[in-house]
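Undergrad:
Protein chains in written order, with the working numbering: chain A, 595 to 1221; chain B, 4 to 574; chain C, 36 to 184; chain D, 42 to 238.
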């Protein structure tokens, strides 16, 4: 970045340094006696060590030297280095499923084989294919075929039985053979296949097999009264089997076996209570009540002093887990470890999510989307040792170094250098662990808050909801737009537009949903279509960033009234995201707020706000002294 | 269905209990086939190989092994133009093969005298000569013709998870155990920069002066070399027939150009070839495996590379399955040496289910000694070997050391005390931790260092954040990190000795001393090559002898009962 | 390319790094003895200083000749010429020499460029020889690219 | 693994030529291309999987996905990439499966360079009936424009000592069965004596 006015600027050379969780930024400027500022250069490097610890020194020096080099200045000329008073927050994550589907006595097979066979409904008694020979004609039979049977032999055996007068009305197969078998049958019947635990299907029981036409879903077995009709159930029994119907909704094929005590339950796991201390109150909320309920209570307990979960329950475990990780982070070599008990959780963000999980008691690896709650928590730490960092920097650079101000206030100051903004101005710093907001009123008063949950949580939600089990892929889905490779020469973007390429695309992305990274398309290993992946991605961002933006701004807005805000400037790494800023802007628009991604100093984008804010604050001070 | 499932026992007919035991022996899991000379599925004795002949006109070879120049394929052309010494060709060819074979094993004939003859020989003539030699004579020849007087060994240091910390720790242990060269490669290619750095740092911790290599596609391998992150290159394949050479998308000229490219950056380099590759690809043109390999060897000679990795290498299953196959493999190593090339002599790929066969396969190289007895002894468990497994791995260390002691031969390795090994592994991991920190790469935790100190395989290490590592690897390329940056990182973190070691290795590329035939760096950083350490074998009591301090080293094993106090062990 | 051939070397001069360090310089003209740790730490050295010079390669070529290895010497002489060629172009030229990668004229052009731009006659000769052989063996690029290739 | 257990008499297959291979027009077809010696000079793969089973499973994998399989035999080359690519360009969907007598198999696509591929199964000793079924199934899914998870490929370091030479031998034999100059021909699989499909 160049100096604003030509000519050697008069005044003192100062460097603002912002040590963040992931990046360390420097802003070099000359401050004239009258407080006017000439910016000379900026630099950005990775933060070394845990924020607020002496390890930061190396990164800080690197950034300072980088800025000096760009401006062609030497360390000797530096008058003062200004460091931020690091926001003393560290955040952690935990996730817990709160529902569980259980099938007892294998009453149903609700999985969705990609290729079932035949079409329609077949109701009969379950018999193993081995016994078809002895089967008497007349009674309708649902044929159960174990592993190891070849599709040709299955078809031949069924045809023979039917020829002998056995009334085979449906079949349940272990292997992926449904279409193969039905294609070879003299009399077509519905066939459900890929039932991995087929040996557990009770024999000699009344069973119903339903397969819908391609692109359709079953109608009878997913309908409680359909089940009642098929099995002749009375109202009490019908009430009992209604979970079965619900569990089968949306499937293309299904099997239901009528067993004396068989049942499907969708039970809630007792996750335990979240105990919130704050605003002089102690409030309790059941975590399995879901995110909305939790956040409502969290809202009433603001400002939060601490949050705990009753020991022995899942939520107890979740928060303990969060505390432990934070204790590790805060531990500093050569100092006594932080007692976990001392770590006070100062904010909690709960997000409803779901986890595809295998159904207990299922016969075909049925998967149910179990509900889950993700918690992001944040603690304040007294362990920030920026002063020590400042001393080390001063030593390493041979120039004075001091704590120049608190992050939030500095960020607002820096944000003010964004063209087109004015007081009252609020900033939203969209980070990795926490979302921070600060407000500078017309009168110059500044308030700042930090709320739990940011980029890391988004990645975790994407990872689990798409069952990727791969953070690298989840990060990719979060950062880059999606596409579908439709041929070696063209791909369709998520907005529907088609892009043609002259160099054929690599084979490993052929026909796949991909993320469009700077180094080309990279496949997303999922069976889901592009739209589903996109929905999950946007939902995750909305549930974390949009929710937190409103939450944080309400806390700084006068009287919690968003309309009292005028300019909101987005800062931080996630402000560079290709859709989050728009999502937040859309959410704020109804409140008559101007919202956009910051452009610090008119050149730095959402970066360097705190560093340049430090310079501004220092300049203001100097000016004041002069008068 | 795994290929190591026992064979179905003969369906019909009752067999004796003894036969059942024999059927269950590992050797019967190996594959063996009948020869098929018409197709080149034959080791070295084929009536379809051409008869030796040469004709020189106007200082130019116009006939080679029965073909006139207009009928030359590009191998003939290249060999005639570059490999054969035209001046002496006709005279050398006139010498009866039996006499040349005798010169090879006669202690009274010096290596130079043999070279004076072999430099004028055609491929068919060379084959005609070695066909006269049995395996003991081949070994006797190798003992004299090996270019460097002092034998050495090369190790593979890879990780099934491409874990840089593992590579560093295993490289340090490997260097300490005696490998003069260490080679690595990747599962995920994008990991290359980090793993290459780890190999270099680990090697210099274990023993200053060990040379390192990272096998990759030409461009990246050359770039890492030019950056000074690796020290030599080896995986430049050549083939014995024009069709297979073209299949590999290269020619003798493109490879020669590449050879000069490496030298022009001060990087040591050798070609790779081996018996069986052509027939494996179905284009042996009806020639024996050894004849085609001899063409490769002479092509390499003509290209002016200092050395060759051969001994069938990745095709060892083919010569290994035909009669006389391992004799041919021993012969191809000898031929490389008898045309004055550095020979890294194979023993570097999984070869047999039978421990007895695995050992026997290595004797013709280990007993006479070669420039590198293994061109890849797996200094990691074979499960971690990303070169698809070697003939020997970490589990064989003690056996190898014992065989060296039994026969008083130098296979390039030695037994090292546990405390030294643990110290080296730990230091290598810490040094890498410092370098990563200095280069702003994903941090290495103390847990990882603890794991590296005591680990055996990649399973014993904490999982890395692959995403972060790959970003870091990319940044190494983007930021154009070089060997100098590694030196700085090591020095600034207080690893002065390691930094010095690496700097001295880097300095060598300026001198070019390592470009000479069979060059390695000794522990005191003296370049040792065929020039200043020429093989001077002249019969019993001459040449390289395992004696003195080195012999005392190799007498040590894990467990040796003390003669002074039989209740204790020495070492 | 260094026209002035330095003193005749014999095998006894090897290794140069130990016996004749005074003959060894870096591309920036520093003596090899200047490659010290202090120099590294103080940042005086650039990666450029760790490259071999054409002069040194000519010296090593002499040693190769002196020890009876004419082909190795020839390789070093080609290498000496190549030190002037940028990394990317070296790789490009290598790829151009692959079978059916270049037409006859293209290879001739490459040979000219080697001679004119980089005064690399030995390399040029190698390329011309390749062109001639490729021609005879049908290994030149086909005028019209076959989609299957 | 689920290899047929109840098939008492092992199935055999013979390939009946029905004229030169045409370029298909149906977008829902996968062309399966067989090497010169497949189900002819040879009857089983390198690990004795009967060619009849290889073919049945490949075709079944395709059929189960609701796609049709068309068989051709390539006669003028034994190079898997060439065989597969030839078939891909005959295929209405542009998707093909090429298979050599020893079992080595490849899924190809017409727009790919010949030497590339969608999925390659180079380790013939590790290919059994279930794997061939999955290969057929994946090929059909590509034809439908779906994105199947690639068939997991196994690896065995000790395959070299046991199979490398036999593989070379089979390769050479296959080469011997090449009929230079003859274009690909449409073939019909006639299975027997086991219950036919």
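All C-beta atoms, glycine included, are put in the ideal place defined by N, C-alpha and C.
I'd like to confirm something about residue 803(A): is its beta-carbon nearer than 7 Å to some heavy atom of the ligand FAD, or not?
TA: Within the structure as shown, the ligand FAD is missing, as the structure has no ligands at all.
Undergrad: Counting contacts by CB-CB distance shorter than 8 Å, is residue 527(B) in contact with chain A?
TA: Chain A contact via Cβ: absent.
Undergrad: Classify residue 45(D) as helix, strand or coil using the three-state DSSP reduction.
TA: Reliability of the predicted coordinates at residue 45(D) is poor, the pLDDT of 41 falling under 50, and no value is obtained from them.
Undergrad: Assuming residue 114(B) contacts residue 91(B) (C-beta within less than 8 Å), just tell me the rounded distance between them.
TA: With a Cβ gap of about 16 Å, residue 114(B) and residue 91(B) do not count as contacting.
Undergrad: Classify residue 276(B): buried if its beta carbon has 16 or more other beta carbons within 10 angstroms, exposed otherwise.
TA: Buried is the call here.
Undergrad: Specify whether the region 936-946 of chain A and the region 886-903 of chain A touch according to this definition: at least 3 beta carbon pairs, one from each stretch, less than 8 Å apart.
TA: Result yes; three or more Cβ-Cβ pairs closer than 8 Å.
Undergrad: Taking the alpha carbon of residue 563(B) as the point to measure from, which residue in 445(B), 473(B) and 418(B) has its own alpha carbon closest?
TA: Nearest C-alpha to residue 563(B): 418(B).
Undergrad: Quick check: what's the CA-CA separation for residue 87(C) versus residue 167(B)?
TA: About 29 Å.
Undergrad: Along chain C, in chain order, which residues have C-beta atoms closer than 7 Å to that of residue 491(B)?
TA: Going along chain C in sequence order, the residues near residue 491(B) (Cβ under 7 Å) are 75 and 76.
Undergrad: Within a Cβ cutoff of 6 Å, which residues of the same chain sit near residue 573(B), ignoring the five residues on either side of it in sequence?
TA: Correct list, in chain order: 563 and 565.
Undergrad: Check whether the Cβ atoms of residue 311(B) and residue 142(B) lie closer than 8 Å to each other.
TA: Contact flag unset, no.
Undergrad: Give, in chain order, every residue of the region 1045-1071 of chain A whose Cβ lies closer than 7 Å to some Cβ of chain B.
TA: For the region 1045-1071 of chain A, which is checked against every Cβ of chain B, the residues closer than 7 Å are 1065, 1066 and 1069.
Undergrad: Is DSSP giving residue 396(B) helix, strand or coil here?
TA: Of the three classes helix, strand and coil, the one that applies to residue 396(B) here is coil, per DSSP.
Undergrad: Strictly under 8 Å for the Cβ-Cβ distance: is residue 607(A) near chain D by that measure?
TA: Residue 607(A) does not count as touching chain D.
Undergrad: In whole angstroms, what is the alpha-carbon distance linking residue 92(C) and residue 998(A)?
TA: So the two alpha carbons sit approximately 58 Å from each other.
Undergrad: Could you round the C-beta distance between residue 42(B) and residue 306(B) to whole angstroms and report it? I think they count as a contact, below 8 Å.
TA: Rounded, the Cβ-Cβ distance is 28 Å, inconsistent with contact.
Undergrad: Using the Cα positions of residue 226(D) and residue 218(D), report the straight-line distance between them to the nearest angstrom.
TA: Looking at the two C-alpha atoms, the distance is approximately 15 Å.
Undergrad: With a cut-off of 8 Å on the beta carbons, I'd call residue 815(A) and residue 839(A) a contact; round off their distance for me.
TA: At roughly 7 Å, the Cβ-Cβ gap stays under 8 Å, so residue 815(A) and residue 839(A) are in contact.
Undergrad: Taking just the CA atoms, how far does residue 83(C) sit from residue 117(D)?
TA: Those two C-alpha atoms are separated by around 54 Å.
Undergrad: Output yes if chain B places a C-beta closer than 8 Å to the C-beta of residue 49(C); else output no.
TA: Closer than 8 Å: yes.
Undergrad: At the 8 Å Cβ level, is residue 144(D) part of the contact set with chain A, yes or no?
TA: Taking Cβ atoms only, chain A never reaches closer than 8 Å to residue 144(D), which makes this a no.
Undergrad: Does residue 134(B) come out as helix, strand or coil in the three-state DSSP assignment?
TA: Correct three-state label for residue 134(B): coil.
Undergrad: Since residue 689(A) sits in a beta bridge, which residues does DSSP pair it with?
TA: DSSP, once it has assigned bridges, lists 968(A) as partnering residue 689(A).
Undergrad: Taking only three categories from DSSP, how would you classify residue 189(B)?
TA: Coil, per DSSP.
Undergrad: Is the CB of residue 709(A) under 8 Å away from at least one CB in chain D?
TA: True, the Cβ-Cβ gap to chain D drops below 8 Å.
Undergrad: For chain D, is any of its Cβ atoms less than 8 Å away from the one on residue 1107(A)?
TA: Judged by the 8 Å Cβ criterion, residue 1107(A) is in contact with chain D.
Undergrad: What do you get for residue 59(D), buried or exposed, if any count of 16 or more other CB atoms within 10 angstroms of its CB means buried?
TA: Exposed is the call here.
Undergrad: Drop a sphere of 10 angstroms on the beta-carbon of residue 819(A), count the other beta-carbons inside from all chains shown, and report buried for 16 or more, exposed for fewer.
TA: Exposed.
Undergrad: Going along chain A in order, which residues have a C-beta closer than 8 Å to the C-beta of residue 157(D)?
TA: Within chain A, the residues near residue 157(D) are 1101.
Undergrad: Check each candidate in 226(B), 281(B), 138(B) and 32(B) and name the one with the smallest Cα separation from residue 200(D).
TA: Minimum Cα distance to residue 200(D) is reached at 32(B).
Undergrad: Between residue 257(B) and residue 114(C), which are expected to be in contact by the criterion C-beta below 8 Å, what is the C-beta distance as a whole number of angstroms?
TA: With 8 Å as the limit, residue 257(B) and residue 114(C) do not qualify as a contact, their Cβ atoms being about 16 Å apart.
Undergrad: Return the CA-CA distance between residue 831(A) and residue 698(A), expressed in angstroms with no decimal places.
TA: Each residue's alpha carbon lies about 16 Å from the other.
Undergrad: Between residue 153(D) and residue 1101(A), is the Cβ-Cβ spacing less than 8 Å?
TA: Against a cut-off of 8 Å, the Cβ pair of residue 1101(A) and residue 153(D) comes out as a contact.
Undergrad: Just by C-beta distance, which residues in the region 83-114 of chain D are closer than 7 Å to chain B?
TA: So the close ones are 88.
Undergrad: Given that a residue counts as buried once 16 or more other Cβ atoms are within 10 Å of its Cβ, and exposed if not, what is residue 1014(A)?
TA: So residue 1014(A) ends up on the exposed side.
Undergrad: Is the Cβ-Cβ distance between residue 795(A) and residue 720(A) less than 8 Å?
TA: Contact: yes.
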